[in-house]
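Visitor:
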Amino acid sequence: MNPNLARLNPYPFDRLNQLLKSVQPADQRFISLAMGEPQHEPPEFLIEFLKQGDMAKQSLKTYPPTKGSDQLRHAIAGFLRNRFSPAHPDPEHQILPVNGTREALFAIAQALSRPLVKPLTLLPNPFYQIYEGAALLAGTTPHYIDCPASQDFKPNFNEIDDETWARVGMVYLCNPGNPHGALMTEQDLQNLIRKAIEHDVILIADECYSEIYADEASPPVGLLQAAAAMGNTDFKQCIAFNSLSKRSNLPGLRSGYAVGDADLIQQFLLYRTYHGSAMPVHTQKLSALAWSDEDHVILNRDLYRTKTQAFIQTLAPVWPITAPAASFYLWPETPIDDEQFTQNLMRLCNVKVLPGKYLSRAVNGVNPGAGRVRIALVAEQAACIEAAERIKSCFQALS
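Residue numbers for the sequence shown follow this note's numbering, beginning at 30 and rising by one.
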């Protein structure tokens, strides 16, 4: 048995289920705002494509290429060129389709970590727990970087000295951030790229929320975009990940990409060839269509904006909440302990959220997620507003 399995922490939703196990919920329909699983309808043109009998018949009798089809890699390259200019990745050597970002963000650490010479993996704190599990099972030690409210929830890499940097092999980034929706600027990313090149560190950017943002005129900056803008057009030491789950409401498709440094992508492809993680042919064809269309993404983004504004406005008289710059999460402070608040919310409103401390680790006795909850506004607007109305009506009792 891999001894590193014993180092894994319980998953946040397992902890949440245990927390709520003995809570008798209010006699109202259950509304979950806990898990970031998009509930908007998938684009109809993709559903129609799936119904084509000949497409499925031909695809299902073919072994899929691990590298991905030319059609898919070129579609991803086109999306990247349009969205993250001046980055112009080469579809032949710098792009690799993956089965969703979760699988790939975990696998990249298993493929590229160097625990004997670079034993540390930097993680933002709070964070998506896959980063931590990937670091632990790769045999490295997570080093948590605080994302304080005083820094707009951006990771404070200035606290890392050169001696520590020399021991770092990989850095996980989440931009836009989960759970707070914070955005790293182009300068933030470029400063980090310089450090990565100086200390031979691989930057792993999870950009799965990049297409859900508040200001249509100011989309979040991507890692490769920042690299290209500073002249690093080969994306040295940089790999970015994204998927169709949030962008196109296709979480069940398990389709995404890794893109960046050709040498690193080549090594990741070698690993995945043995790992047996090729994307099915019909998934590749559907994905190519999704990456090539922006109209459905613009409509989806507008739905999230409208829903977020309505939810916040409903609760404003009793619970002021700051709208995120990006993502579909809210990260408000709670009037009492976040676990107790979560239990009260289920008992009085039958609404489920996630305690903030479950997404963070205590460092020097301080857990940066304590006293907050993560609210995922993924359900249809009517359900989200109904949840807000319930919370508003009993907010004093929740405290």
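Beta carbons: idealized from backbone N, C-alpha and C, even for Gly.
In this text, all values refer to a predicted model and were calculated from it rather than measured experimentally.
#1: Tell me, which residues are paired with Ala234 by DSSP?
#2: Does the CB of Phe297 have a neighbour CB from chain B at under 8 Å?
#3: Would the beta-carbon of Ile365 fall within 8 Å of that of Ser428?
#4: Helix, strand or coil for Ser61, going by three-state DSSP, please let me know.
#5: Could you tell me the boundaries of the beta strand (DSSP E) in which Tyr173 lies?
#6: Give me, in chain order, the residues of the same chain whose beta-carbon lies closer than 7 Å to that of Glu66; leave out the 5 immediate sequence neighbours on both sides.
#7: Apply the 10 Å Cβ neighbour rule to Ser247 and answer buried if 16 or more other Cβ atoms are within range, or exposed otherwise.
#8: Measure the beta-carbon distance from Phe156 to Leu388 and round it to whole angstroms, keeping in mind my assumption that it falls under 8 Å.
#9: What is the rounded straight-line gap between the Cα of Gly400 and the Cα of His228?
#10: Taking the C-alpha atoms as reference points, what is the distance between Tyr242 and Ala339?
#11: Counting along the chain, where does the beta strand (DSSP E) carrying Gly129 start and finish?
#12: If you follow the alpha helix (DSSP H) that Ile159 is in, where does it begin and where does it stop?
#13: Within its chain, find whatever has a CB closer than 6 Å to the CB of Ile105; leave out the 5 residues flanking it on each side and keep chain order.
#14: What's the C-alpha gap between Gln296 and Ala138?
#15: Can you tell me whether His117 is buried or exposed, with buried defined as 16 or more other CB within 10 angstroms of its CB?
#16: Between the alpha carbons of Thr95 and Asn261, how many angstroms are there, rounded?
#17: Determine the burial state of Phe74: buried for a count of at least 16 other Cβ atoms within 10 Å of its Cβ, exposed for fewer.
#18: In whole angstroms, give me the CA-to-CA distance for Leu328 and Leu79.
#19: Under 8 Å: do the segment 251–261 and the segment 293–308 share three or more Cβ pairs, one atom per stretch?
#20: Classify Gly210 as buried or exposed, calling it buried when 16 or more other Cβ atoms lie within 10 Å of its own Cβ.
#21: Compare the beta carbon distance of Val250 and Trp194 with 8 Å and say whether it is the shorter of the two.
#22: Along the chain, where does the alpha helix (DSSP H) containing Leu45 start, and where does it finish?
Guide: Let me spell this out:
#1: According to DSSP, which records beta bridges pairwise, Ala234 is partnered with Leu202 and Ala269.
#2: Absent from the structure is chain B; it holds one protein chain and no more.
#3: Judged by their CB atoms, Ile365 and Ser428 are nearer to each other than the 8 Å cut-off.
#4: In the structure shown, Ser61 adopts extended strand secondary structure according to DSSP, grouped into three states.
#5: Residue range Thr170 to Asp175 is occupied by the beta strand (DSSP E) that includes Tyr173.
#6: Residues Pro280 and Val407 of the same chain have their beta carbon placed closer than 7 Å to that of Glu66, with the five preceding and five following residues left out of the count.
#7: It counts as exposed.
#8: Their Cβ separation, rounded to whole angstroms, is 7 Å, which keeps Phe156 and Leu388 in contact under 8 Å.
#9: Here the alpha carbon of Gly400 sits roughly 36 Å from the alpha carbon of His228.
#10: If I take the Cα positions, the gap works out to 16 Å.
#11: In the DSSP annotation of this structure, Gly129 is not part of any beta strand (DSSP E), being labelled neither H nor E.
#12: From DSSP, the alpha helix (DSSP H) with Ile159 extends over Gln158 to Leu166.
#13: Closer than 6 Å at the Cβ level, and outside the excluded window around Ile105, lie Ile124, Tyr286 and Trp320.
#14: Looking at the backbone, the Cα of Gln296 and that of Ala138 are separated by about 12 Å.
#15: His117 is exposed by the Cβ-count criterion.
#16: Straight-line Cα distance between these residues: approximately 27 Å.
#17: Classification for Phe74: exposed.
#18: Rounded to whole angstroms, Leu328 to Leu79 spans 21 Å at the Cα level.
#19: Taking one beta carbon from each stretch, the segment 251–261 and the segment 293–308 have fewer than 3 pairs nearer than 8 Å; the two do not touch.
#20: The residue in question, Gly210, is buried, as its Cβ has 16 or more Cβ neighbours within 10 Å.
#21: No; because the gap between Cβ atoms is not below 8 Å, this pair is not in contact.
#22: In the DSSP assignment, Leu45 falls within the alpha helix (DSSP H) that extends over Pro41 to Leu49.
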